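Colleague:
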Amino acid sequence: MTDKFKRFHPLRETKEIRVKNQETRLKKSEFIMPIFIHEGLLLSKPINSLPGIRQQSLGTLDDEILEVKEAGLDKVILFGIPKSKDALGSEAANPNGIIQKAIRQIKKNFPEMTVIADLCLCEYTNHGHCGLIKNDKIDNDATLESLKKIALTYEEAGADIVAPSGMMDGVTFALKSVLNSKTKVWPYSVKYCSHFYGPFREAAGSDFTGSREAYQMAFTQREEAEREAKADIEEGADALIVKPAGPYLDIIRDIKNQVKLPVIAYQVSGEYAMLKSVKNDEAIFYESLVGIKRAGADFIVSYYSKEIARTL
Ligand code: PBG
Numbered sequence: 208m209t210d211k212f213k214r215f216h217p218l219r220e221t222k223e224i225r226v227k228n229q230e231t232r233l234k235k236s237e238f239i240m241p242i243f244i245h246e247g248l249l250l251s252k253p254i255n256s257l258p259g260i261r262q263q264s265l266g267t268l269d270d271e272i273l274e275v276k277e278a279g280l281d282k283v284i285l286f287g288i289p290k291s292k293d294a295l296g297s298e299a300a301n302p303n304g305i306i307q308k309a310i311r312q313i314k315k316n317f318p319e320m321t322v323i324a325d326l327c328l329c330e331y332t333n334h335g336h337c338g339l340i341k342n343d344k345i346d347n348d349a350t351l352e353s354l355k356k357i358a359l360t361y362e363e364a365g366a367d368i369v370a371p372s373g374m375m376d377g378v379t380f381a382l383k384s385v386l387n388s389k390t391k392v393w394p395y396s397v398k399y400c401s402h403f404y405g406p407f408r409e410a411a412g413s414d415f416t417g418s419r420e421a422y423q424m425a426f427t428q429r430e431e432a433e434r435e436a437k438a439d440i441e442e443g444a445d446a447l448i449v450k451p452a453g454p455y456l457d458i459i460r461d462i463k464n465q466v467k468l469p470v471i472a473y474q475v476s477g478e479y480a481m482l483k484s485v486k487n488d489e490a491i492f493y494e495s496l497v498g499i500k501r502a503g504a505d506f507i508v509s510y511y512s513k514e515i516a517r518t519l
């Protein structure tokens with residue numbers, strides 16, 4: 208006798224059958240590990256707001272990259288913390304600044320590593336904003352000139368990819384007009400003004416308590432995200448970053464359905480800190496990362512990248 212309804216249990220009965228029918232699988236090659244390098248450190252230093260993550264020094268950087276490599280990863284995204292900050296974020300464009308040195312060191316000792324350089328003024332300005340300030344406002348176009356200069360030093364140091372994260376209008380066009388075609392540009396196209404960035408402040412050596420609402424996107428916006436993504440594509444982006452990830456799975460799926468470029472989702476510091484605080488964090492992270500991939504992410508930046516890779 209045939210059933211009058213569909214039976215799903217047979218597909219779930221044994222582990223073997225479940226694995227065979229699994230739709231979403233995580234791969235090591237999809238994960239990107241963030242690394243913080245502090246110019247003022249000799250040894251690495253724990254970041255209290257991000258349990259298990261440390262700020263590195265140039266002296267400890269090789270060991271960290273080796274761990275990343277041994278976990279089976281081949282992509283890192285770098286954040287630099289300079290010893291001195293000023294209103295213009297001048298140190299960011301120093302050809303011998305911390306991030307430029309870190310890029311050169313990684314490319315020399317681990318040439319197979321793909322090095323992504325996060326590009327933003329916020330770690331380098333004393334006011335903590337992502338751009339230059341004029342009359343109490345972000346001066347978008349002056350910031351673009353500054354970002355172009357900084358990006359050229361990252362390219363010269365050997366970065367494979369620059370990832371402008373400050374949500375400046377026209378940044379992709381600006382960078383594409385000065386970088387050579389081998390250096391890829393992955394803008395944070397869809398970056399929300401999010402409270403989930405809280406723990407990053409300590410990691411990036413920032414005591415910023417202001418607001419970025421005047422330039423980052425409000426989390427009430429969905430259609431605006433599509434317009435941001437389209438603008439970056441027209442300006443020549445090589446991939447798009449969506450950030451945060453977990454609370455924005457609808458946005459990841461929207462962008463994935465609309466664009467023919469790789470979509471990178473950034474599981475940010477607040478997401479990491481929350482998930483890390485529960486018992487059995489490995490299972491929780493696995494589920495959340497599968498969710499991000501299922502939503503449409505081609506690559507994922509996560510502070511858990513190294514740990515998840517060890518389990519895959
Ligand atoms: C800006 C930048 C931030 C993050 C990555 N790049 C901070 C911000 O925009 O306020 C946050 C990442 C995280 O929370 O993990 N350079």
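Using my numbering, the first residue of the sequence shown is number 208, and each one after it goes up by one.
Beta carbons are placed, not taken as given, at the ideal position from N, Cα and C, and that holds for glycine.
No experiment lies behind these values; they were computed from the predicted model shown.
#1: What number of angstroms, rounded off, separates the C-alpha of Ile-224 from the C-alpha of His-216?
#2: Identify whether Gln-307 lies in helix, strand or coil by the three-state DSSP scheme.
#3: What's the gap between the Cα of Glu-362 and the Cα of Lys-227?
#4: How is the alpha helix (DSSP H) around Arg-460 delimited, first residue to last?
#5: Look up Lys-450 in the DSSP assignment and give the residues it is bridged to.
#6: Cβ of Met-320 within 9 Å of Cβ of Tyr-510?
#7: I need the DSSP call for Phe-243, collapsed to helix, strand or coil.
#8: So, for Trp-393: in the same chain, excluding its five sequence neighbours on each side, which residues have a beta-carbon less than 8 Å away from its beta-carbon?
#9: Please specify which runs of the beta strand (DSSP E), each continuous and at least 3 residues long, are wholly inside the segment 242-281, giving them in chain order.
#10: Please find out if some non-hydrogen atom of the ligand PBG comes closer than 8 Å to the beta-carbon of Lys-398.
#11: Between Tyr-395 and Lys-486, what straight-line distance do the alpha-carbon atoms span, to the nearest angstrom?
#12: Between Asp-325 and the ligand PBG, is there a pair consisting of the residue's CB and a ligand heavy atom that are separated by less than 8 Å?
#13: For Glu-271, decide whether its Cβ has a neighbour in chain C, counting only Cβ atoms nearer than 9 Å.
#14: Closer than 8 Å: is that where the CB of Ala-294 sits relative to any heavy atom of the ligand PBG?
#15: Nearer than 8 Å: is that true of the beta carbon of Pro-394 relative to any heavy atom of the ligand PBG?
#16: Could you check the C-alpha separation between Tyr-268 and Ile-305 for me, to the nearest Å?
#17: Excluding the 5 residues preceding and the 5 following Arg-311 in the sequence, name in chain order all residues of the same chain whose CB lies nearer than 8 Å to its CB.
#18: Can you give the beta carbon distance from Gly-413 to Glu-514, rounded, assuming they're within the 8 Å contact cut?
#19: Within the continuous alpha helix (DSSP H) that includes Leu-354, where are the two ends?
Modeller: A quick look at the data gives this:
#1: Along the sequence shown, one-based indexing puts residue 224 at 17. Along the sequence shown, one-based indexing puts residue 216 at 9. Using only the alpha carbons, I get a separation of about 10 Å.
#2: Position 100 of the sequence shown, counting from 1, holds the residue named residue 307. Looking at Gln-307 - three-state DSSP - the assignment turns out to be helix.
#3: Sequence index remark: in the sequence shown, residue 362 carries index 155 (1-based). Sequence index remark: in the sequence shown, residue 227 carries index 20 (1-based). Distance between the alpha carbons of Glu-362 and Lys-227 is about 44 Å.
#4: Mapped onto the sequence shown, residue 460 falls at position 253. 456-465 is the span of the alpha helix (DSSP H), which, as asked, contains Arg-460.
#5: For the purposes of this step, residue 450 is taken as the residue at position 243 of the sequence shown. Bridge partners of Lys-450: Lys-398.
#6: To locate residue 320, count along the sequence shown from 1; it is residue 113. To locate residue 510, count along the sequence shown from 1; it is residue 303. No, the pair does not count as a contact, with Cβ atoms beyond the cut-off.
#7: Position 36 of the sequence shown holds residue 243. Reduced to three states, the DSSP call for Phe-243 is strand.
#8: Against the sequence shown, residue 393 aligns to sequence position 186. For Trp-393, the CB contacts under 8 Å within the same chain, skipping 5 residues up- and downstream, are Ile-323, Ile-368, Val-369, Ala-370, Ala-444, Asp-445, Ala-446, Leu-447, Ile-448, Ile-471 in chain order.
#9: Counting only runs of 3 or more, we get 261-263.
#10: Looking up residue 398 in the sequence shown gives position 191. Checking every heavy atom of the ligand PBG against the Cβ of Lys-398, one is found closer than 8 Å.
#11: The residue given as residue 395 occupies position 188 in the sequence shown. The residue given as residue 486 occupies position 279 in the sequence shown. So the alpha carbons of these two residues sit roughly 32 Å apart.
#12: Numbered from 1 along the sequence shown, position 118 holds the residue referred to as residue 325. Answer for Asp-325: yes, Cβ within range of the ligand PBG.
#13: Looking for chain C here will not work: only one protein chain is present.
#14: Mapped onto the sequence shown, residue 294 falls at position 87. Outside the cutoff, so no.
#15: Stepping through the sequence shown from its first residue, residue 394 is reached at position 187. For the ligand PBG, not one heavy atom lies less than 8 Å from the Cβ of Pro-394.
#16: For the purposes of this step, residue 268 is identified with residue 61 of the sequence shown, where counting begins at 1. For the purposes of this step, residue 305 is identified with residue 98 of the sequence shown, where counting begins at 1. First, the amino acid is wrong: residue 268 is Leu here, not Tyr. Each residue's alpha carbon lies about 11 Å from the other.
#17: Counting from 1 along the sequence shown, the entry for residue 311 is found at position 104. Shown here for Arg-311: same chain residues with a beta carbon closer than 8 Å to its own, the five before and five after excluded, namely Ala-364, Gly-365 in chain order.
#18: Residue mapping note: residue 413 aligns to position 206 of the sequence shown, counting from 1. Residue mapping note: residue 514 aligns to position 307 of the sequence shown, counting from 1. Per the sequence shown, residue 413 should be read as Ser rather than Gly. That belief does not hold up - the Cβ atoms of Ser-413 and Glu-514 are roughly 25 Å apart, past 8 Å.
#19: Within the sequence shown, the letter at position 147 stands for residue 354. First-last of the alpha helix (DSSP H) with Leu-354: 347-364.
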